[in-house]
Amino acid sequence: MSSFGLLAAIWPLTTLGHYVHWHIIQISVANLTVIILMVVTFIVALFAPFPGRRRRKEKP
Amino acid sequence: MSTTEIDRQWTTRLRRRVAGKLPPEKLLPDTQPTYVASWIYVFGVTTMAALGVVIVSGCLLALRGPQWWHTSSVGHFVNSLHLWSVEIFFFAMVIHLWGKYFMAAWRGGRALTWMTGVFTFLVSIATAFTGYVSQSNFDSQWISTQAKDGINSTGAGAFWNVLNTGQMLMWHIVLLPLAAVVLTVFHVLLVRIKGVVPPFEKDGAEVAQ
Amino acid sequence: MRSKAFRPDVDAPEWKGGYSPYDIIKEGIIAVVVVSILTVLLAIAFGSPDDPSITVKAWSTNDPMDFAATALSELNNTSGTAQYGAPYNKASTGQQLGPLTLAKWVGARIPINTVNDFVINPLKSLPGQPALSSDLSQWSSASTSTRANWVNNYTHAANKMKIVSGQLVVNTTSAGPVPLMMSDLLQMARTGALDQALVTQNGFYTTDYTLPLLFLADGTYMANLAQKQHLTGDQWGMMNETGNYPGQAWLWLYTFWYQVSPMNSSGNGDILVWGIMMVLSAGLLLMPFIPGLRSIPRKTRVYRLIWREHYRDVE
């Protein structure tokens, strides 16, 4: 079948999922990881210095 | 033909209208306002790049048909490319949406830009959904039998049958990607025509003109 | 001339400042390269899930009692599909949103008769079965009330349904041809012939799996497998994927409403959730025109981080 040979996944995520329960919220570790990564990426994008400041200050 | 007759032609009028709104230097600019200086601005182009990879990987899947990936390791790898490019697509698109919201990017006559963006988001969700029910595996069986209740309750299920795999596959590979691409092109052209939204006035104060 | 008030949440100041070099093509190509590399790395690292589809054959082999009970519910019109209403039949009004019965108004445009489509027609497709053919003739020529009587008697006796040496056994003598029909349907399912019969009712070529999917959904076998994978509605299943893969996380708000009252227990839960999501989607779409909501970006001042270089230059 599939998933064998050179193109097989290194860490296939096929075992039963892990879930986080908090009050009525149930979320998979995978989805929670994606959402946390998105929030972190957004915050980093807001704060990270953007290159080329000197170039922008020069008059064209 | 006289000059006025040429001026009145549909072709001439359309060309002048398009060229007036979007001359080459606006379509492919070589400068941008100096306030465009934040990493938050890369997520629009990242979303588009991801859409490109989604479409290319989807085309590769189409080469050998919808069952290929179940029986071939190469096919399965291409399916994995398609899945992860979709994850990157939504990842980037939602961050792009957050950024544009906090910039209130609809200001200055850019409401249509915002709305085409939201509409593209909604069409993308429908496209992803039809993809999930087209996988021809247990996931498709479960998702389709669950989703049918929501869609049936609106009356749309009588025409858009999520249990009809052929119909869902064709919506997924033809109609919805076409809609997503047309909307994206329209959205990007609007950004080029209107320009990137300028910053709020300092402290966001109301100023009488 | 009357001055027009500048509305900071609607209008944008005209940019009179400077411009810096910008290579849009280079930016696009870098984005494509970066996303492509990331996609390949993720695909190599994690692959993608592919839990194989289940069949009616597997269902009837692994859980024959559930299959037989579901087949009976199709015959006695008590199954989910039989009672569904539009778009499959007129058995119920379907879901309502206040006075709106949208599904009913559109009508039963995918007509399904569970007795014929799930039981009688598949059995009729079996060749060389003299006893079954005779029973099917008996069924066809019986009146509606006679059939109903047989099915009721069988249903009562089916409380003590059992599988003996692979055969479905329901002790009743007043159910006419029904016992043999149900027993033969189980055997047909176990050979895989029922999977085929359910999709080929419309001809040789078909890509429409409505009948076998509804049949599977009427039982508990598929739902039990889904429960193990955390895919059911009360497990926020809409967002989830089999295994440890991320799912459709963007459906978080849609699935959230199914967890709260009254949607989590109402017979109209689906249309209520759709109604809420239509309103919220319209709100997102029309954000530029909604006072208050469109002021949040200015009031929260996240923009000061995005444009901090610009504000520093202005100061």
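Protein chains in written order, with the working numbering: chain A, 43 to 102; chain B, 7 to 215; chain C, 153 to 467. Every residue gets a Cβ at the ideal spot worked out from N, C-alpha and C, and that includes glycine.
- DSSP places K314(C) in the strand class (E or B) of the three-state scheme.
- For S79(B), at least one C-beta of chain A is nearer than 7 Å to its own C-beta.
- Legend: CB atoms of the region 132-152 of chain B lying less than 9 Å from CB atoms of chain A are not found in any residue.
- Using a C-beta cut-off of 8 Å, the region 157-172 of chain C makes no contact with the region 183-190 of chain C, since fewer than three inter-stretch Cβ pairs fall below that distance.
- The beta carbon of F108(B) sits closer than 7 Å to some beta carbon of chain C.
- Residue pairing from DSSP places W64(A) in a beta bridge opposite I67(A).
- In this structure, V322(C) keeps its C-beta atom at 7 Å or more from the C-beta atom of W302(C).
- Taking 7 Å as the cut-off, the Cβ atoms of G161(B) and A255(C) count as close.
- Shown in chain order are the members of the region 179-191 of chain C whose Cβ falls below 8 Å from a Cβ of chain B: E179, G180, A183, V184, V186, V187, S188, L190 and T191.
- In this structure I149(B) is buried. Its beta-carbon is surrounded by 16 or more other beta-carbon atoms within 10 angstroms.
- Measuring C-alpha to C-alpha distances from T126(B) to each of K154(B), T190(B), T40(B) and R198(B) identifies T190(B) as the nearest.
- For the C-beta of I458(C), the chain A residues within less than 7 Å are, from N- to C-terminus, L88.
- The beta carbon of Y463(C) sits closer than 7 Å to the beta carbons of R456 from its chain, once the five residues preceding and following it are set aside; these are given in chain order.
- In the structure shown, A157(C) falls within a strand segment according to DSSP collapsed to helix, strand and coil.
- Positions of the alpha helix (DSSP H) runs, each at least 4 residues long and wholly inside the region 51-104 of chain B, are given as 74-77 in order along the chain.
- Selection Q400(C), N396(C) and T384(C) evaluated against Q411(C) yields T384(C) as nearest (Cα-Cα).
- Neighbourhood of F206(B) in chain A, by CB distance below 9 Å: empty, with the nearest CB roughly 15 Å away.
- With the criterion set as a beta carbon lying under 8 Å from some beta carbon of chain C, the members of the region 31-59 of chain B are L34, P35, D36, T37, Q38, P39, T40, Y41, V42, A43, S44, I46, V48, V51, T52, M54, A55, A56, G58 and V59, in sequence order.
- Residues of the region 236-247 of chain C with a C-beta atom less than 9 Å from some C-beta of chain A do not occur.
- Looking at the backbone, the Cα of L366(C) and that of W104(B) are separated by about 40 Å.
- Every unbroken stretch of the beta strand (DSSP E) spanning 3 or more residues and falling wholly within the region 255-339 of chain C is given here in chain order: 314-316 and 319-321.
- Note that the C-beta distance between Y236(C) and T171(B) is not below 7 Å.
- From the listed residues L194(C), A195(C) and A345(C), the smallest Cα separation to P279(C) is found for A345(C).
- Closest in C-alpha terms to L169(B), from the list G156(B), V180(B) and A98(B), comes G156(B).
- Non-local C-beta neighbours of M121(B) in its own chain, meaning closer than 7 Å and more than five positions away in sequence, are absent.
- Approximately 12 Å separates the beta-carbon atoms of V59(B) and S86(B); this is outside 8 Å, ruling out the contact.
- Judged by their CB atoms, T222(C) and G371(C) are nearer to each other than the 7 Å cut-off.
- Contact note: D203(C) reaches chain B through N143, F144 and D145, using a C-beta cutoff of 7 Å and chain order.
- When DSSP states are grouped into helix, strand and coil, T230(C) belongs to the coil group.
- A Cβ-Cβ distance of about 31 Å is found for the pair Y357(C) and D215(C), leaving them out of contact under the 8 Å criterion.
- Taking 7 Å as the threshold, the shortest C-beta distance from R97(A) to chain C falls below it.
- Following the DSSP letters along the chain, one finds T37(B) inside the beta strand (DSSP E) bounded by residues T37 to P39.
- In the DSSP assignment, Y171(C) falls within the unbroken beta strand (DSSP E) covering Y171 to P173.
- In the structure shown, the three-state DSSP call for L28(B) is coil.
- Ranked by Cα distance from Q387(C), the options Y397(C), T359(C) and N416(C) are led by N416(C).
- Under the DSSP assignment, F92(A) falls outside any alpha helix (DSSP H); it carries neither an H nor an E label.
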